[in-house]
Amino acid sequence: MEFTEKIPITIEAQLKEQPLFYAATDLMNDGQFGKQWLILTRTEVAIWAEDGNLTSSLPLSDITDARVAGGVGGGTLIADTKRGPVIVLRYTAALTSIFGHVAKLIGALAKGEELPTASEKDFPRLCPKCRTPLSHDSLACPVCKNNGKVLLRMLSYAKPYRKQMIAAAIMLILTTLIELIPPYLTKRLVDDVLTPKDMGSALLWIVVGLAATSVVLTGMQIVRGLIGVWIGSKLMGDLRRDVYQSLMRLSLSFFDRRQSSQFIGRVNSDSEAMRQFMTDGVIWVSGEFLRVVAIAIIMFSLDWKLTLLALLPTPLMIIMSSLLWPKMGRLWYQQWRSVFRLNSIVGDSLQGIRVVKAFGQESAETSRYSASNRDLIKSDIRVQGIWQGVFPIFSLIAGAGTLLIWFYGGRNVLNDGMSIGTLIAMITYLGMLLGPLQWVSQMLNWASHAISAADRVFEIMDTPADVPDTVNPANIGRVKGDVEFKQVTYGYEKHHPVLKGISLNVKAGEMIGLVGHSGAGKSTFINMICRFYDSDEGTITIDGNDIRTISQNDLRQQIGVVLQETFLFDGTIAENIAYSKPDATELDVMRAAKIANAHDFIVQLPDGYDTRVGERGHKLSGGERQRVAIARAIIHDPRILILDEATASVDTVTERLIQEAISRLVKGRTTFAIAHRLSTLRNADRLVVLDHGKIVEVGTHEELLQAEGAYFKLVEAQKELSQIKGVESA
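Numbering (the working numbering), first residue to last: 1 to 730.
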């Protein structure tokens, strides 16, 4: 099996038999960094140096078992032999999963057991460029990501609103310039009015000027703020829309590998972090930059020597900020991971609250939450602690410049080298100048947080769909319903197929019952018809058209699904029935409900068809939800119908009502049905028996019973189970 790299030729040329498995470790036996190769065959476990020298070899006949021992930052692969434990190799934490699988392989070989199948989780995902380990739910490499490109892509969302942005920028420039007027007027007030004690009209005009400046400044800030709110709301809406559209575009396999709770944060909080940076952050940074440049020009015009002296601490503040940038980025990411883990626990426990209550695991869930909560607290303390420590230091450094102006400027005033008004203006301007510089670290936090959020959002947008829609779809119109499987093989993990060489030809209007043990591949079979996944080998056709050439929307317009775990949206019964046909009339909804045997119980509810079903339909019983789902399938009017355990977990009376509804629903439609009780499939035109992903029998109920094969055994086993239940109930 191939891991991340090919075996070096110097080693491969010396191998006497084909390896079962090979992998490279990143530590030498003495704990120093280095590269060694583990080659596992049917007869031995060998460790080879990178240069092709055999370091050690252990015959499998001497091994009784194998295990891994964890350590700080890594672990050790240990083989238990007849003479005692032997250290095979050492590795860093990044390779923990792969050598955990190696231990299972060696143990199975030593005991003569069936070899375990590797899953994707057993293989560490590495960045193709720098080989850095990637998080299991992320495609973005934290090392080689380009923050500049991320920033530019984030800012591209502002392009549609560039006119408003330009207006906000003009207001920003004017506001910045107006903010610089009061210190100058104060200088004139002190030097030209108060010091010579001039009681003329100059005092009135300067005070009027200060008042007018304040009024104009306030009005412009309000207008700029309103423009910012408008732009921000639009940007937030665009971001949320694009993220959600990207999620809807992705295939089921993407969600199979991830927890759904993480996407709530990406749609909402990450989008908000990006919006905040693009509106508040960019405008604030731009405004402060303009302010710094303008103030520096004014201060140099007033007294260039004193200005240079006052700015001496500035380089130190800039150096400190640049050193903080990478550290803050890592801390923000760690904090996000802690928040994600906490949200996942909340989502899992609340979705499974009935199970938690049923098994009395409230305290266990609370403990699990508390542990993750403590991790988040630690992350918060680290992030906020750095900020709370840095801000006073920045204030101290900034204060040093003010002290220098007071000292040297004060001496100039005493020596008549400078007026008091100029000194006050210099002090005021310096405060306005150093204010933004003190907030550089906050700006870095802001930018780091936004870039990390953008990474996660753009990762969703850039993830290709595992089941891409066809570019030039075939125009299939209204299909007849002929379905054919031609040597179809598929596995959720490529090396472990669930369906193996399935071939089946189903005529339009035929009802096919799928039976077999749990894990035989029944649900995967119907997933392939819906094209939730694409086959690894072979093709599936509908009316002779390969389903890969059919638009996914057109395909699913032809297919209706009734699942065992019925999902209803938090809306009214009428809205749930009409979900697949939003333009359905009240009569259409009522007709579908009557066919599904749902009308009678619906009209007995206080609000009838306008009754809200609650989250996941919890206000209705299981049988009621199932009949609403059947009505939803009826109003969809599909040509191909899929029934997955549609009558499971309901009482006998409800099952009869559901069976009546299904018998009406299947007429004239190609139907694939999976049923828990085999007796419910007696009316199927053919039964297809699956075993370990292969079709082992096909025929009618009577034909398969007479054959006394796999289906006969399933029926007999179910009869015995029914008899046991009958004895127990007696």
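Where is the CB? At the ideal position from N, CA and C, for every residue including glycine.
Local conformation of residue i per DSSP, three classes
i: I476; result: coil
i: H692; result: coil
i: M28; result: coil
i: A425; result: helix
i: T76; result: strand
i: N343; result: helix
i: H618; result: coil
i: A69; result: strand
i: E179; result: helix
i: P582; result: coil
i: K725; result: The pLDDT assigned to K725 is 46, lower than 50, so where the model puts this residue is not dependable; a value taken from the coordinates is nonetheless given after this. In the structure shown, K725 sits in a helix (DSSP, three-state: H, G or I).
i: Y184; result: helix
i: M1; result: Only weak support exists for where M1 lies, its pLDDT of 39 falling under 50; the coordinates are left without a value.
i: E484; result: strand
i: S56; result: strand
i: L587; result: helix
i: Y369; result: helix
i: E708; result: coil
i: L20; result: coil
i: E114; result: coil
i: R556; result: helix
i: A730; result: With a pLDDT of 34 at A730, under the threshold of 50, the modelled position of this residue cannot be trusted, and the question is left open.
i: I9; result: helix
i: L396; result: helix
Residue i Cβ short of 7 Å to the ligand MG heavy atom set
i: D536; result: The ligand content of the structure shown is nil, which means the ligand MG is not present either.
CB of residue i within 8 Å of CB of residue j, strictly
i: A46; j: V102; result: no
i: V515; j: L643; result: no
i: M418; j: G431; result: no
i: T176; j: Q221; result: no
i: I424; j: V207; result: no
i: S269; j: L239; result: no
i: A94; j: V86; result: no
Nearest candidate by alpha-carbon position, reference residue i, set the options
i: G477; options: P638, S448, G519, V383; result: P638
i: V390; options: M317, N343, I550; result: M317
i: L210; options: V229, T186, I231, V223; result: T186
i: I451; options: S97, M154, G516, L665; result: M154
i: G622; options: T489, F601, S551; result: F601
i: E703; options: A66, N683, T585; result: N683
i: E645; options: G693, T566, D466, K581; result: T566
i: R686; options: T700, R656, N53, D62; result: T700
i: S286; options: L172, P468, Q335; result: L172
i: N373; options: T402, I353, Q384, R341; result: R341
i: Q626; options: Q604, A598, L40; result: A598
i: I9; options: Q32, N53, T25; result: N53
i: I573; options: E365, I595, D610, G544; result: D610
i: M320; options: Q604, L204, I393; result: I393
i: L180; options: V216, R162, R616; result: V216
i: G228; options: D51, Y161, A202; result: Y161
i: S56; options: M28, D583, T539, G608; result: M28
i: P313; options: G399, P85, Q245; result: G399
i: A508; options: L309, D543, R632; result: D543
i: T307; options: T218, K619, L404, Y244; result: L404
i: R188; options: G421, L563, H517; result: G421
i: L568; options: A633, V383, M528; result: A633
Inter-residue CB distance, residue i and residue j (contact presumed, cutoff 8 Å)
i: T43; j: E17; result: 7 Å
i: V498; j: G491; result: 5 Å
i: I640; j: L504; result: Actually they do not touch by this definition, with Cβ atoms about 14 Å apart.
i: V150; j: A454; result: 5 Å
Delimiting residues of the beta strand (DSSP E) encompassing residue i
i: M511; result: 511-515
i: Y244; result: Counting along the chain, Y244 falls outside any beta strand (DSSP E), though it belongs to the alpha helix (DSSP H) covering 202-249.
i: R90; result: 84-92
i: A673; result: 670-674
i: I39; result: 33-40
i: N505; result: 499-506
i: T539; result: 537-542
i: D610; result: D610 -> no beta strand (DSSP E), and no H or E assigned at all.
i: I640; result: 640-644
Limits of the unbroken alpha helix (DSSP H) element including residue i
i: E50; result: Segment: none, E50 is in no alpha helix (DSSP H) and carries neither H nor E.
i: F601; result: 599-603
i: I573; result: 573-577
i: K522; result: 522-529
i: M274; result: 271-276
i: R411; result: 410-414
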